[in-house]
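One structure below.
Residue numbers (the working numbering), protein chains in the order written: chain A, 1 to 167; chain B, 168 to 570; chain C, 571 to 747; chain D, 748 to 900.
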């Protein structure tokens with residue numbers, strides 16, 4: 001199914017919860033396909049949207065490729081869901097933009113198992129909380145590491161466990 | 168085994184979520200009252216393929232739960248990409264998946280070329296696919312060698328490393344480095360193909376087919392190896408797709424999903440090769456043996472591709488390999504998710520560019536990271552020796568897992 | 571072979587007659603020779619240099635010719651080759667492993683990452699800029715990754731250091747031919 | 748007068764001296780500087796979690812006991828093997844009845860299943876054990892649940 005049909009089906013089911021469809025206007029055909037994304041106006045609706053995307057037979061997005069976290073620089077953070085259906089071989093990218101002071105999104109681990117570690121890494125690197133995640137620990141850094149490194153305003157600590165960090 | 172299930176349901180947080188570690192819970196098993204022991208297969212361990220720590224909850228010898236701890240090799244790749252220009256990121260991409268550096272470069276370079284809509288000359292495409300497939304064989308050789316060593320056979324490791332040296336020699340002649348090359352640049356290559364590489368490649372095809380047959384007789388059809396790996400660490404096809412598995416781990420469950428065929432990039436559509444899939448006759452689908460079997464088949468398919476490349480390679484084509492490299496590498500504003508098939512699975516780059524010389528954000532979909540997240544699911548209820556075999560069959564590279 | 575002629579056997583030093591106790595000095599030479607000829611390495615790879623270390627211990631370069639046998643546990647190993655990037659989370663474990671090694675122990679820091687942080691020196695917020703901030707290092711092997719021959723050269727340097735280690739008292743200077 | 752036994756005694760003393768000598772000389776010659784880390788128990792570089800002194804399954808203890816039992820049985824065979832030739836058929840019959848009784852015990856233990864080791868109880872997770880598939884089971888027909896057209900069975 002092409003992007004427009006997918007969007008149209010989603011709009012009928014979720015209407016105002018979805019934001020605009022950002023089409024990428026690059027000359028490269030691949031980037032038009034894999035660079036355009038659907039914004040989600042209401043991040044709290046992600047769980048029902050995810051259930052619908054995975055369980056609707058005509059959509060059947062059974063594979064979550066990746067959850068990326070993005071610091072937009074103007075204080076807001078974004079969570080990007082890269083979805084794919086191995087049944088119909090079509091892809092979809094969803095982007096939810098969150099305010100910086102309460103960056104939290106419902107967890108989709110109970111829908112795609114792959115999200116478990118992806119969300120833990122988004123929490124670890126960018127500091128986005130995922131409500132309902134079964135094991136909300138940091139995955140790469142130690143639990144006592146100060147701050148979330150991939151934020152644009154991150155300052156690396158001078159000493160950590162008694163070791164000098166900067167060169 | 169409902170007992171393992173409801174006490175340690177997959178969703179249930181592990182023994183010591185983030186608070187202090189309390190003693191393992193006592194388990195009531197009928198009249199025998201046994202405790203569980205928490206064992207650390209820690210960062211320094213011969214069979215964790217690098218610095219990975221597995222916290223294993225054991226009941227006697229049976230694994231009740233596995234909690235992987237990562238981050239011992241987190242080298243802040245994504246933070247570096249924010250401070251480096253696009254070409255400067257390539258050496259860091261090499262050091263991310265250091266066993267298949269060429270495939271990592273190929274993925275990153277394809278992504279940036281798609282963003283800038285660059286058409287790469289014919290010759291460069293052929294050289295890239297040739298080196299990507301040679302790198303796939305070298306990576307599978309390491310995977311098969313160490314997997315043999317994990318299940319107790321030391322000789323295949325030495326045979327594989329001996330033959331890998333010839334591949335490294337070819338790479339070294341062309342781009343000067345044994346591995347970690349910085350060879351594929353955005354829009355071209357750093358050096359043209361060394362004249363001796365094509366004859367060496369033809370010679371390598373013969374010796375590699377002989378070694379492939381030798382490893383098959385020595386390892387794959389060896390009864391002890393079959394008993395040790397068949398039916399171990401079984402992964403269901405639906406759980407594999409839902410859990411984000413890709414590459415040999417996904418194909419060994421019977422899902423015919425290969426990015427080179429399903430989402431073709433570069434000139435892979437000119438070669439005919441089959442997608443290697445696990446077989447239900449040799450052993451149960453999705454187990455450790457099938458993952459090894461898929462790698463052995465992929466080794467053979469890569470040899471076929473290289474053979475076709477040697478026939479189709481434009482020998483009299485003298486275009487400079489650096490002709491399509493843009494002078495000012497500044498992709499237009501926008502984002503892209505581009506992916507390629509590396510020996511471990513689907514390596515994806517999500518690149519956001521704000522029209523600057525440096526990328527705003529590069530997020531990497533690391534196949535080894537996703538495949539490793541399925542380790543707890545495929546090792547519950549098996550013996551601890553089988554856990555080591557399951558981990559070895561996943562073929563992880565910690566540089567890519569921790570990025 | 572260039573490497574083999576470095577290895578001198580412990581000939582009893584004839585010029586040592588009359589100086590102190592012959593047996594004592596020759597005992598030191600005997601210990602040094604036995605230690606440097608069987609340096610058991612703790613099989614412990616961190617990152618890309620570990621693959622190069624594996625190539626060095628595979629049949630093509632074969633580090634075992636010089637008596638370097640990979641041992642899994644620190645209790646039985648004499649030398650620890652830090653091959654790869656030392657991250658902050660790993661540094662405390664390396665300190666623990668180094669302390670748990672049996673004396674006398676030696677450290678070869680292989681690769682730029684463990685020498686000084688390597689390519690991650692500037693923005694590596696989780697990378698330790700050099701393993702010598704945590705454990706004392708005997709030999710630094712430069713390179714990213716260093717070639718197997720460079721690692722063997724580093725091993726030769728360590729053997730020379732062990733050979734000349736115990737006689738660093740003043741009168742020993744003349745015997746260094 | 749050196750009796751037969753004195754040779755054995757001399758052998759024992761020499762063995763003890765040889766072993767003690769090795770240990771004592773190395774005790775003097777080796778460097779010795781213990782510290783807190785070195786004396787800590789080694790577990791792959793990590794500090795251990797929980798003790799190892801746990802109540803493990805009883806079957807491992809039973810197997811060890813049975814091993815000791817048959818080990819002692821072999822012990823009795825040694826002196827018998829030295830003297831059964833002059834003693835003639837009576838000794839042979841005597842020893843085989845002794846072994847026969849133990850074999851009966853062995854067969855009993857084997858049949859009871861006390862000898863089999865901890866069998867792995869593999870647990871292959873299906874999709875419904877791993878994620879919430881309630882709504883999916885309603886909408887997908889049985890044929891469609893085999894989710895992908897690409898699956899090769």
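Where a beta carbon is used, it is the ideal one built from N, C-alpha and C, also for glycine.
Quick caveat: nothing in here was measured; it's all calculated off a predicted structure.
For residue 641/C, the closest Cβ of chain D is not nearer than 8 Å. Cβ proximity to chain C below 7 Å picks out 141, 142, 149 from the stretch 138 to 151 of chain A. What residue 12/A touches in chain B, judged by beta-carbon distance under 9 Å, is nothing: the nearest beta carbon there is about 26 Å away.
Beyond the five residues adjoining it in sequence on each side, residue 686/C comes within less than 8 Å, by CB distance, of 699, 700 in the same chain, given in chain order. Classified as exposed, residue 852/D has fewer than 16 neighbouring CB atoms from the shown chains inside 10 Å of its CB. In this structure, DSSP gives residue 689/C a helical state, which the three-state scheme calls helix. For residue 229/B, the beta-bridge partners assigned by DSSP are 226/B, 550/B.
Selection 642/C, 713/C, 728/C, 705/C evaluated against residue 666/C yields 705/C as nearest (Cα-Cα). Within the model, the alpha-carbon separation for residue 230/B versus residue 570/B is close to 28 Å. Between the C-alpha atoms of residue 775/D and residue 768/D there is a straight-line separation of about 11 Å. Distances from the alpha-carbon of residue 208/B to those of 758/D, 830/D, 791/D put 791/D closest. Counted as a single uninterrupted DSSP element, the beta strand (DSSP E) harbouring residue 71/A occupies residues 63 to 71. In chain order, 874, 877, 878 make up the part of chain D whose C-beta sits under 8 Å from the C-beta of residue 409/B.
Under the 8 Å Cβ criterion, the stretch 609 to 622 of chain C counts as touching the stretch 640 to 649 of chain C, having at least three qualifying pairs. Counted as a single uninterrupted DSSP element, the alpha helix (DSSP H) harbouring residue 773/D occupies residues 751 to 776. In the DSSP assignment, residue 271/B falls within the unbroken alpha helix (DSSP H) covering 268 to 283. In this structure, DSSP gives residue 406/B a helical state, which the three-state scheme calls helix.
Given a length threshold of 4 residues, each whole run of the alpha helix (DSSP H) inside the stretch 656 to 712 of chain C is given here in chain order: 658 to 670, 682 to 686.
Assignment of residue 326/B by DSSP, reduced to helix, strand and coil, places it in the helix class.
CA-CA distance, residue 167/A to residue 692/C, rounds to 7 Å.
For residue 93/A, no alpha helix (DSSP H) segment is defined; the enclosing uninterrupted segment is the beta strand (DSSP E) at 90 to 98. For residue 151/A and residue 128/A, the gap between their C-alpha atoms comes out near 11 Å. The beta carbon of residue 292/B sits closer than 7 Å to the beta carbons of 433, 434 from its chain, once the five residues preceding and following it are set aside; these are given in chain order. Among the residues facing chain B, residue 621/C is included, as its CB has a counterpart in that chain under 8 Å away.
In the three-state reduction of the DSSP assignment, residue 207/B falls in the strand class.
Apart from the 5 residues on each side of it in sequence, residue 468/B sits with its Cβ closer than 7 Å to the Cβ of 440, 441, 443 in its chain, given in chain order.
Put simply, of 671/C, 708/C, 623/C, 718/C the residue whose alpha carbon is nearest the alpha carbon of residue 727/C is 708/C.
Between residue 694/C and residue 716/C, the CB-CB gap reaches or exceeds 8 Å. A contact is defined here as three or more CB-CB pairs under 8 Å, and the stretch 504 to 517 of chain B fails this definition with respect to the stretch 312 to 328 of chain B.
Within the same chain, Cβ atoms closer than 6 Å to the Cβ of residue 489/B are found at 355, the five residues on either side in sequence being excluded. Interface with chain B (8 Å Cβ-Cβ cutoff): residue 163/A is excluded. Listed along chain B are 501, 502, 503, each with a C-beta nearer than 7 Å to that of residue 35/A. The beta-bridge partner set that DSSP reports for residue 77/A consists of 71/A, 98/A. Contact of residue 112/A with chain D is assigned, a C-beta pair being separated by under 8 Å.
Taking C-beta atoms as the reference points, residue 273/B and residue 337/B fail to come closer than 8 Å. Within chain D, the C-beta atoms nearer than 9 Å to that of residue 207/B come from 790, 791, 792, 793, 794, 795, 796, in chain order.
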